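Numbering (my numbering), first residue to last: 65 to 234.
What follows is a single structure, written as structure tokens, with notes after it.
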Amino acid sequence: MQLLARSKQVEESKVGAQVVHIDIDRCIACRACEAACEREHSGISHIFVTPINDKYSIPLSCLHCEKSPCVDVCPTKALEKTSYSAVIFRKISCIGCRLCTIVCPFGVIQIDEEGNVLKCDKCIHRLKEGKDPACVLTCPTKALIYGKRDQIMTRKRRKRVLKDTHTKKL
């Protein structure tokens, strides 16, 4: 019974995790998210708008994986998963081994000229104040959405059904 309760807790934490969702259909490559990130992080953006093809661009940043390989591989625990589901970097603990860049499944962890890790921290200082990440708040087309994973996925599925069935609402 205790195992079942723990399993349910884990499952609830997965669906209730706060995430930044990217809707590539809405991204217009205006780079407002990059500018907002630069303002929040002393002139250095941790999100990068990248063209996919002539029609689409996508803002790329850390996805704060549920099971974060960068956290697991770091020998000094310089990367840590917080209660906000954000993977944060602690510069003072980093030895510059770059293992995190090797294991990142999305290749979004960058290293600056001084050897420091550059990665999104979901603007954790803003989250602690009850605010959304700066990139989300700034996006003029709402291509970036911050919220609970299950709620975002429900809206996404509903949007897909409406699009596929050519209906206005469910």
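Where a beta carbon is used, it is the ideal one built from N, C-alpha and C, also for glycine.
Quick caveat: nothing in here was measured; it's all calculated off a predicted structure.
_Can you find the residues in the same chain that come closer than 6 Å, C-beta to C-beta, to Y238, ignoring five residues on each side of it along the sequence?_
The chain is shown from 65 up to 234; residue 238 falls before or after that span and cannot be answered.
_Using a Cβ-Cβ cutoff of less than 6 Å, which residues in the same chain neighbour P115 once the five nearest sequence positions on both sides are dropped?_
Counting only residues of its own chain and dropping the five nearest sequence neighbours on each side, P115 has a CB closer than 6 Å to the CB of S121.
*Span of the alpha helix (DSSP H), counted from its first residue to its last, around L127*: Note, L127: premise wrong, no alpha helix (DSSP H); not H, not E.
*Given that a residue counts as buried once 16 or more other Cβ atoms are within 10 Å of its Cβ, and exposed if not, what is I111?*
So I111 ends up on the buried side.
*Could you round the C-beta distance between R135 and V151 to whole angstroms and report it? I think they count as a contact, below 8 Å.*
For the sequence presented, residue 135 should be read as Val rather than Arg. With 8 Å as the limit, V135 and V151 qualify as a contact, their Cβ atoms being about 6 Å apart.
*What does a CB cutoff of less than 6 Å around R95 pick up in its chain, not counting 5 residues either side in sequence?*
Apart from the 5 residues on each side of it in sequence, R95 sits with its Cβ closer than 6 Å to the Cβ of V113 in its chain, given in chain order.
_Quick check on the burial criterion: 16 or more other C-beta atoms within 10 angstroms. Buried or exposed for I159?_
Per the 10 Å Cβ criterion, exposed.
*Count the other CB atoms, across all protein chains shown, that sit within 10 Å of the CB of L208; report buried if there are 16 or more and exposed otherwise.*
So L208 counts as buried.
*Are T146 and S157 close, meaning C-beta to C-beta below 9 Å?*
Taking 9 Å as the cut-off, the beta carbon of T146 is found no closer than this to the beta carbon of S157.
*Starting from the N-terminal side, write out each stretch of the beta strand (DSSP E) that is 3 residues or longer and does not extend beyond the stretch 136-165.*
For the stretch 136-165, whole beta strand (DSSP E) runs of length 3 or above, ordered along the chain, are 143-145 and 151-153.
*Would you mind listing the beta strand (DSSP E) stretches within the stretch 204-228 that are 3+ residues and don't spill past its ends, in chain order?*
For the stretch 204-228, the continuous beta strand (DSSP E) assignments of 3+ residues that do not extend past its boundaries occur at 208-212, in sequence order.
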